[in-house]
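Scroll down for the structure; my scribbles are underneath it.
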Amino acid sequence: MKLSRRGVIQAAAALGAVQVLGCASSPKAGPGPGSAAGDGDSAPSKPLNLLILGGTRFLGPALVQVAQARGHTLTLFNRGKSNPGLFPDVEKLQGDRDPNKGEGLKALAGRKWDAVIDTSGYVPRIVKASAELLAPNVGQYVFISSVSVYKEMTKKNLSESDAVGTIADETTEEVGEESYGPLKALCEKAAEAALPGRTLNIRPGLIVGPDDGSDRFTYWPLRVAKGGEVLAPGDGEDPVQVIDARDLAAFIIRNVERRTAGIFNVTGPVEPMKMKGMLETLREATGSDARFTWVDSAFLEQQKVTAFGDMPAWVPRTGPESGIGAVSIARATQAGLVTRPLADTVRDTLTWFHALPADRQEKLRAGLSAEREKEVLAAWHQAKGTAKAG
Ligand SMILES: NC(=O)c1ccc[n+]([C@@H]2O[C@H](COP(=O)([O-])OP(=O)(O)OC[C@H]3O[C@@H](n4cnc5c(N)ncnc54)[C@H](OP(=O)(O)O)[C@@H]3O)[C@@H](O)[C@H]2O)c1
């Protein structure tokens, strides 16, 4: 079954800007915004000045929250288009990452920061420009890459030393399904070339939680909470990996404090999860009466129900991108990755989603429509000679 790789990697926020920063987390359940990297709530050794190239859609706001909770000072550099009212007390510098557009990176010239976190780099030329400009003025460059960089997408346990994908035209600036991963890999290289030994390349899996404008993952808590017969993809045994943006942010900020360099796959949960476990956790967390009807991938393919797109977060273990559902996070866990219980992510995601404007709530950006789900379930029962879900 063909996945939309772009679905795995595309910044959720690129699909729609967040409305509000609804990142409140429970004080008792799981790590809070400033904690999650495995060394308790220890205070940072010294407050840092941090620059984020971006900062106002999804991962950026989570980074700001964690950094502020840890006592650091922030500057955000962006065009002022996405959620311009966010963080009124944080310094904002306006410009374009592309040095060929408007004032480009001019606002960054002559300023110094302890570290820069680049959440918005997709094109090597553009990452090179910011990395070279900032190299003399920052201690560390953190580039947010993706697990989609890997070449062998079917390989299990993909680790940081595995080969990355390549692209015939390395100068292309068309960021699409096929080019996204190889371009991210070239961006990592550009950052490392400008700041050798001072670059931290982070390769996240699917980022989820409050503020995720893509609705990938959010589809599942909403669908399970609604209850009744739920179309569940595969046989329940496919591994699934997601990372709450707040846990990812906590990992990044802690490793900025430690000046960690190198490459890290960062996804979760730390305890491996399968689709069945995920959906059962969602049912428990939402207190719903959902009944799961597991429909195999061959039937879904016949019905043109796509992995990841129509069935978000699902990566069939026999599919062409099966490795992406089960990458190794051994390095990250050694470097302190902690993931909060999925139930906490579910609760906070639903709270955030239900506070969005009604018209936004009506139009989910991922997953099957209710009508289509019904049709596919009916076809499945007819094919199997079963009347109702078990
Ligand atoms: N979502 C996922 O599941 C997933 C998975 C793996 C990796 N990733 C990676 O994680 C990162 C997450 O991104 P995010 O969108 O959540 O980050 P973010 O920092 O919250 O938002 C993106 C920021 O970039 C700014 N920006 C965009 N284009 C710009 C330009 N030309 N010049 C200056 N600023 C610009 C935007 O502000 P303005 O629009 O105001 O300029 C915004 O502040 C991405 O690199 C993505 O590839 C995501």
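Going by the working numbering, the sequence shown opens with residue 1, and the numbers climb by one from there.
Don't be surprised by glycine CBs; every beta carbon is placed ideally from N, CA and C.
Bear in mind the structure is a predicted one, so any value in this text is a computation, not a measurement.
DSSP lists W113 as the bridge partner or partners of V138. Checking the 7 Å criterion, the Cβ of N201 is out of range of every heavy atom belonging to ligand 1.
Residue state for Y180 is assigned as helix, using DSSP reduced to three classes.
With a cutoff of 7 Å, L50 does not count as near ligand 1, since its C-beta is closer than that to no heavy atom of the ligand. Pairing P312 with W380 gives a Cβ-Cβ distance that is not under 8 Å. Between ligand 1 and the CB of S82, the shortest heavy atom gap is smaller than 7 Å. Listed as beta-bridge partners of T75 by DSSP are L51, E91.
Ligand 1 approaches T56 closely enough that one of its heavy atoms is under 7 Å from the residue's Cβ.
Of the other Cβ atoms in all chains shown, 16 or more fall within 10 Å of the Cβ of T75; this residue is therefore buried. Relative to ligand 1, T293 has its C-beta separated by 7 Å or more from all heavy atoms. DSSP assignment within the segment 244–284 yields the following whole alpha helix (DSSP H) runs of 4 residues or more, N-terminal first: 245–257.
In this structure, the beta-carbon distance from G228 to A129 does not fall below 8 Å. According to the DSSP assignment, L200 belongs to the beta strand (DSSP E) that extends over 199–204. Not a single heavy atom of ligand 1 lies less than 7 Å from the C-beta of T75.
Around the C-beta of A335, 16 or more other C-beta atoms lie within 10 Å, and the residue is accordingly described as buried.
By the C-beta criterion, the segment 363–378 is judged to be in contact with the segment 228–237, since at least 3 inter-stretch pairs fall below 8 Å. Taking the Cα of P44 as reference, the smallest distance to any Cα among A131, N255, F299 is reached at N255.
Residues T154, V315, P316 of the same chain have their beta carbon placed closer than 7 Å to that of S322, with the five preceding and five following residues left out of the count. A distance criterion of 7 Å places the beta-carbon of R283 beyond contact range of ligand 1, judged by its closest non-hydrogen atom.
For L377, the uninterrupted alpha helix (DSSP H) run begins and ends at 370–384, by DSSP. In this structure, the alpha-carbon of L51 lies about 16 Å from that of P88.
Only residues of its own chain outside the window of five on either side were considered, and among them L186, C187, A190 have a CB closer than 6 Å to the CB of P124, listed in chain order. In this structure, the C-beta of G60 approaches ligand 1 to less than 7 Å from one of its heavy atoms. Here the C-alpha atom of V127 lies approximately 43 Å from the C-alpha atom of W294. R198 is not a Cβ neighbour of A285, given a cutoff of 8 Å. Per DSSP, F353 lies in no beta strand (DSSP E) segment; the continuous alpha helix (DSSP H) that holds it begins and ends at 342–354.
Using a 10 angstroms sphere on the CB of H72, the tally of other CB atoms reaches 16 or more, which defines it as buried. A direct Cα-to-Cα measurement between A249 and P341 gives close to 16 Å. Annotated three-state conformation of D118 is strand, per DSSP. Bridge partners of L231 according to DSSP: T293. In terms of Cβ geometry, L53 and D118 form a close pair [threshold 8 Å]. Here E170 is actually not in contact with A163; their C-beta atoms are around 16 Å apart, not less than 8 Å. DSSP, read as helix, strand or coil, puts P239 in strand. Take E103, set aside five residues on each side of it, and the residues of its chain with a beta-carbon closer than 6 Å to its own are G95, in chain order. The count of Cβ pairs closer than 8 Å, one atom from the segment 352–370 and one from the segment 274–282, stays below three, leaving the stretches out of contact. The beta carbon of L158 sits no closer than 7 Å to any heavy atom of ligand 1.
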